[in-house]
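Visitor: Position in the first sequence (first residue = 1) + 115 = this note's numbering. First the structure, which I've put down as C-alpha cells, then a few questions once you've had a look.
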Amino acid sequence: MAKGYQAPRGTQDILPPVSGQWHHLEDTFRQVCERYGYQEARTPVFEEAALFARGIGDATDIVSKEMYVFEDRGGRSLSLRPEGTAGIARAFVEHKLAGEKSAWKVFYLISIFRYERPQAGRYRQAHQVGVECFGAGGPDVDAEIIALNMAWYRDLGMKGHELRLNSLGCPACRPGHRQALTSALADVAEELCPTCQGRLDTNPLRVFDCKSPSCGELVANAPAPLDYLCDGCRSHFDALRVLLDGMELPYEIDPRLVRGLDYYTRTAWEVKYAELGAQDALCGGGRYDGLVEQLGGPKTPGIGFAAGIERALVALEKGGITMPETGAGGVMVIGLDEASRQRSVLLAEEIRAHGLRAETDYFERGLKAQMKQADRLGARWAVMLGEEEMASGEATVRDLMSGDQESVPLEGVAGWLGERVVTPAP
RNA sequence: GCGAGCGUCGCCUAGUUGGUUAAGGCGCCAGAUUGUGGAUCUGGAGAUCACGGGUUCAAGUCCCGUCGCUCGCCCCA
Numbered sequence: 116m117a118k119g120y121q122a123p124r125g126t127q128d129i130l131p132p133v134s135g136q137w138h139h140l141e142d143t144f145r146q147v148c149e150r151y152g153y154q155e156a157r158t159p160v161f162e163e164a165a166l167f168a169r170g171i172g173d174a175t176d177i178v179s180k181e182m183y184v185f186e187d188r189g190g191r192s193l194s195l196r197p198e199g200t201a202g203i204a205r206a207f208v209e210h211k212l213a214g215e216k217s218a219w220k221v222f223y224l225i226s227i228f229r230y231e232r233p234q235a236g237r238y239r240q241a242h243q244v245g246v247e248c249f250g251a252g253g254p255d256v257d258a259e260i261i262a263l264n265m266a267w268y269r270d271l272g273m274k275g276h277e278l279r280l281n282s283l284g285c286p287a288c289r290p291g292h293r294q295a296l297t298s299a300l301a302d303v304a305e306e307l308c309p310t311c312q313g314r315l316d317t318n319p320l321r322v323f324d325c326k327s328p329s330c331g332e333l334v335a336n337a338p339a340p341l342d343y344l345c346d347g348c349r350s351h352f353d354a355l356r357v358l359l360d361g362m363e364l365p366y367e368i369d370p371r372l373v374r375g376l377d378y379y380t381r382t383a384w385e386v387k388y389a390e391l392g393a394q395d396a397l398c399g400g401g402r403y404d405g406l407v408e409q410l411g412g413p414k415t416p417g418i419g420f421a422a423g424i425e426r427a428l429v430a431l432e433k434g435g436i437t438m439p440e441t442g443a444g445g446v447m448v449i450g451l452d453e454a455s456r457q458r459s460v461l462l463a464e465e466i467r468a469h470g471l472r473a474e475t476d477y478f479e480r481g482l483k484a485q486m487k488q489a490d491r492l493g494a495r496w497a498v499m500l501g502e503e504e505m506a507s508g509e510a511t512v513r514d515l516m517s518g519d520q521e522s523v524p525l526e527g528v529a530g531w532l533g534e535r536v537v538t539p540a541p
C-alpha cells in the first residue's frame with residue numbers, strides 16, 4: 116500500500132471486535148482497583164520534556180533516544196509521555212497532595228509513546244494500565260500493590276505468568292553495592308560485551324540486564340544488590356516476603372532483576388510470560404521513594420507498577436483464554452414494506468427505552484436477508500412487521516434461539532421483551 | 001540505529017524452470033416455493049499481483065530502488 120493514508124508506524128487501530136477485548140481488560144482492571152481503594156487519575160498526554168529527563172533519568176534509553184520530543188508554537192520543549200509515573204508524580208507535587216499519614220492511591224489507563232523499532236509486542240504508541248501509591252513507605256503497601264497487580268491477571272484468567280521479585284536497596288546501601296560491583300566487574304571488563312563495557316561508567320547495575328550469555332556468566336557471581344542491603348532495606352524486604360507468603364502469592368527472587376528507570380528504590384518486581392518471545396515482560400513495578408523529592412516535592416515514599424495491555428492480550432491469547440463476547444444479544448426489528456418499515460424504526464426506539472439493544476435494517480432488504488442479518492448480529496429476538504401484523508396490530512416475535520414464534524400486540528412488544536432475559540443466540 | 005524475511009480480491013492463501021482470460025477458501029450479495037435466520041447447493045460482485053524503474057519477444061514470477069509489514073539485536077510494556 117504505497118498510496119493512501121496508513122496508521123503511522125508502530126501504531127495500530129483497535130477496532131471491533133477486538134476493541135471489545137480491550138474493554139474487558141480495562142473493565143476488569145477498574146474493578147480490581149476499586150476493590151483496593153484506588154481511584155482514577157488522568158494527566159496530560161504530553162508534559163515538559165524536562166520532567167521525564169529529571170524523573171526517569173537522562174541516561175536511560177527512554178529519555179536519551181526514545182522520547183517523542185517536540186517544540187510547541189510557544190517554543191516550549193514538550194514530550195509525549197513515555198511512561199505514566201512521572202506525570203502522576205508531577206500532579207501529586209503540583210497539587211500539594213502530600214500530607215502526614217495520608218496515602219494517595221490512584222490508577223490510570225494510558226497511551227505511552229516511545230520512538231523504537233516496532234516488534235512483537237512493541238509499539239510506538241502502546242497502552243498501559245498502572246497504579247501508584249504515594250505517602251506510605253511500608254512493606255504492607257508493597258504487598259498490597261503486588262497483590263492488586265496479580266489480582267488483575269488472576270481475574271482475567273491468565274495462566275503461566277511468573278512474578279519476579281528483587282530489592283534494589285536505597286541511597287544508604289546502594290553506594291556500597293555499586294562500589295563492590297564496579298570493582299568486581301573491572302577485573303573482567305575486557306570480557307564483557309561492548310555495551311556492557313559502556314555501562315560500567317554510566318550505570319553498572321544494567322549489566323545484570325544483559326542477555327548476552329557471556330555477560331550472564333560473568334555477572335552470575337558478581338555482587339547483587341540483595342547482598343548489600345542495609346538493615347532497613349533488608350527488614351523491609353523480609354517483611355514483604357512474609358506478607359506475600361501469607362497471601363499465598365507465589366514469586367521468585369531474582370537477584371538480577373533491575374529496572375530500566377532511575378527512580379526505583381527497594382522493592383522491584385516484574386511479571387514475565389515466557390512465551391511472548393523477546394518481549395516477555397508483562398509488567399514492571401517498584402518502589403520509588405526518592406522520586407517526589409526529586410521533582411521538587413516533600414520527601415514522600417511512592418510505589419507503583421505499569422502493565423502493558425497489548426502484551427496482556429497476547430499472553431491471554433497464547434494461553435487460550437477466551438474473553439466474553441460483546442455486542443451479542445438484543446433484538447432485530449424487521450419491517451417488510453413502507454408502513455411496517457417506518458413502524459419498525461419507532462418500535463426499535465421503544466425497545467431501546469426498555470434497556471435492550473435493538474437494530475433495524477437500513478437497506479430495504481427482504482425478510483430473508485433481514486433474518487440473516489439478525490443472526491449475524493447475534494440477536495436473540497426477531498420482531499417481524501409486515502402487512503399482516505400492521506393489519507392485526509400484533510407483531511410476530513421469534514425467539515432465535517429456540518425458533519418459537521408468537522404474536523404480541525404491537526403496543527406491548529417492547530415491554531414483553533423487556534421482561535425477558537436477553538441472552539445471545541448460539 | 002543494525003540484521004533477516006515478507007508484500008497476490010475486504011481477510012487467508014495457490015500461482016509450476018518467466019509464456020495466452022491470475023485460481024481457491026472465508027466473508028459479502030442474490031437465488032434454490034408465496035413473508036422467516038444459523039446447514040447445504042448454485043450463481044454474482046470484487047485484484048491496475050505494494051509503488052517506481054530495469055532485463056526480456058514475454059514478469060505476479062528475474063534484477064535494482066522506494067515504501068510498508070513482520071521477526072531478531074538493543075531496550076522495554
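Heads up, the beta-carbon is just placed ideally off N, CA and C, and yes, glycines get one too. Bear in mind that the values here come from a model prediction, so they are computed numbers and not experimental data.
How should Ala201 be labelled, buried or exposed, when 16 other C-beta atoms within 10 angstroms of its C-beta is the threshold for buried?
Guide: Classification of Ala201: buried, given that the 10 Å Cβ count is 16 or more.
Visitor: Please list the terminal residues of the continuous alpha helix (DSSP H) segment that includes Val429.
Guide: Element bounds for Val429: 424 to 433.
Visitor: When DSSP labels each residue in this structure, what does Gly253 get in the three-state scheme?
Guide: Gly253 falls in the coil class under three-state DSSP.
Visitor: I need the boundaries of the beta strand (DSSP E) containing Lys220, first residue and last residue.
Guide: Element bounds for Lys220: 219 to 228.
Visitor: Using the Cβ count rule (16 or more neighbours within 10 Å means buried), how would you classify His210?
Guide: By the neighbour-count rule (16 or more Cβ atoms within 10 Å), His210 is not buried but exposed.
Visitor: Is it a yes or a no for the region 373 to 382 touching the region 161 to 180, going by three-plus beta-carbon pairs under 8 Å?
Guide: At 8 Å Cβ cutoff, the stretches touch.
Visitor: Between the C-alpha atoms of Gln243 and Val334, what's the straight-line distance to the nearest angstrom?
Guide: Spanning the two alpha carbons is a distance of roughly 31 Å.
Visitor: Do you know how far the Cα of Ser282 is from the Cα of Ser298?
Guide: So the alpha carbons of these two residues sit roughly 21 Å apart.
Visitor: Figure out for me which residue from Asp342, Pro416, Leu263 has the closest Cα to the Cα of Ser217.
Guide: Cα-wise, what sits closest to Ser217 is Pro416.
Visitor: Can you name the start and end residues of the alpha helix (DSSP H) that Ala383 belongs to?
Guide: Not the alpha helix (DSSP H): Ala383 falls in the beta strand (DSSP E), residues 380 to 387.
Visitor: Is it right to say Arg196 is buried, meaning 16 or more other beta carbons lie within 10 angstroms of its own, or is it exposed?
Guide: It counts as buried.
Visitor: Would you call the CB atoms of Cys288 and Cys345 closer than 9 Å?
Guide: Yes, the Cβ-Cβ distance between Cys288 and Cys345 is below 9 Å.
Visitor: Sorted by chain position, which residues of the same chain lie with C-beta nearer than 7 Å to Val178's C-beta, five sequence neighbours on each side aside?
Guide: Closer than 7 Å at Cβ, skipping near neighbours: Phe167, Ala168, Ile171, Gly172.
Visitor: Could you check which residue in Glu155, Ala489, Pro159 has the C-alpha nearest to that of Gly442?
Guide: For the residues Glu155, Ala489, Pro159, the minimum Cα distance to Gly442 belongs to Ala489.
Visitor: At a cut of 8 Å, does the region 390 to 407 reach the region 415 to 429 through at least three beta carbon pairs?
Guide: At 8 Å Cβ cutoff, the stretches touch.
Visitor: With a 10 Å radius around its C-beta and 16 neighbouring C-beta atoms as the bar for buried, classify Asn336 as buried or exposed.
Guide: It is exposed - the Cβ of Asn336 has fewer than 16 other Cβ atoms within 10 Å.
Visitor: What do you get for Thr475, buried or exposed, if any count of 16 or more other CB atoms within 10 angstroms of its CB means buried?
Guide: By the 10 Å Cβ count, Thr475 comes out buried.
Visitor: Helix, strand or coil for Met116? Go by DSSP, reduced to three states.
Guide: Because Met116 carries a pLDDT of 37, less than 50, the predicted location of this residue cannot be relied on, and no value is offered for it.
Visitor: With respect to the beta strand (DSSP E) encompassing Ala206, which residues constitute its N-terminal and C-terminal limits?
Guide: From DSSP, Ala206 is part of no beta strand (DSSP E) but of the alpha helix (DSSP H) over 200 to 209.
Visitor: For the putative contact between Val448 and Ser459, defined by C-beta atoms under 8 Å, what is the C-beta separation to the nearest angstrom?
Guide: At roughly 4 Å, the Cβ-Cβ gap stays under 8 Å, so Val448 and Ser459 are in contact.
Visitor: For Met116 and Thr143, I'd like the C-alpha separation in whole angstroms.
Guide: Low confidence applies to Met116: its pLDDT is 37, below 50, so where it sits in the model is not reliable, and the reading given next is rough at best. The alpha-carbon atoms of Met116 and Thr143 are separated by roughly 37 Å.
Visitor: Measuring alpha carbon to alpha carbon, tell me which of Leu364, Phe228, Thr175, Asp257 ends up nearest His351.
Guide: It is Asp257.
Visitor: Measure the alpha-carbon distance for Gly481 versus Gln136 and round it to whole angstroms.
Guide: Near 33 Å, if we compare the C-alpha coordinates of Gln136 and Gly481.
Visitor: Please confirm if the region 179 to 188 is in contact with the region 223 to 232, defined as three or more CB-CB distances below 8 Å between the two stretches.
Guide: Yes: at least three Cβ pairs fall under 8 Å.
Visitor: Going residue by residue through the region 259 to 326, where are the continuous alpha helix (DSSP H) segments of at least 4 residues, counting only ones entirely within it?
Guide: You should have 289 to 302, 309 to 317.
Visitor: Beta-carbon separation of Tyr388 and Gly275 under 9 Å?
Guide: It is a contact, given that the beta carbons lie within the stated cut-off.
Visitor: When DSSP labels each residue in this structure, what does Thr511 get in the three-state scheme?
Guide: Note: Thr511 maps to strand in three-state DSSP.
Visitor: DSSP puts Cys248 in a beta bridge; with which residues?
Guide: In DSSP, Cys248 forms a bridge with Lys220, Ile418.
Visitor: For my contact list, Ala339 and Pro254 are in at a C-beta cut-off of 8 Å; report their separation, rounded to the angstrom.
Guide: The Cβ separation is near 20 Å, so there is no contact.
Visitor: Would you report the Cα separation of Leu471 and Glu464, rounded to the nearest angstrom?
Guide: Their Cα atoms are separated by approximately 10 Å.
Visitor: Going by DSSP, what residue range makes up the beta strand (DSSP E) through Met447?
Guide: From DSSP, the beta strand (DSSP E) with Met447 extends over 446 to 450.
Visitor: Could you tell me the alpha carbon to alpha carbon distance between Val90 and Thr126, rounded to whole angstroms?
Guide: An answer regarding residue 90 cannot be provided, because it is not within the stretch 116 to 541 covered by the chain.
Visitor: Going by beta carbon distance, what residues of the same chain come within less than 7 Å of Glu526, once the five residues before and after it are set aside?
Guide: Contacts found: none.
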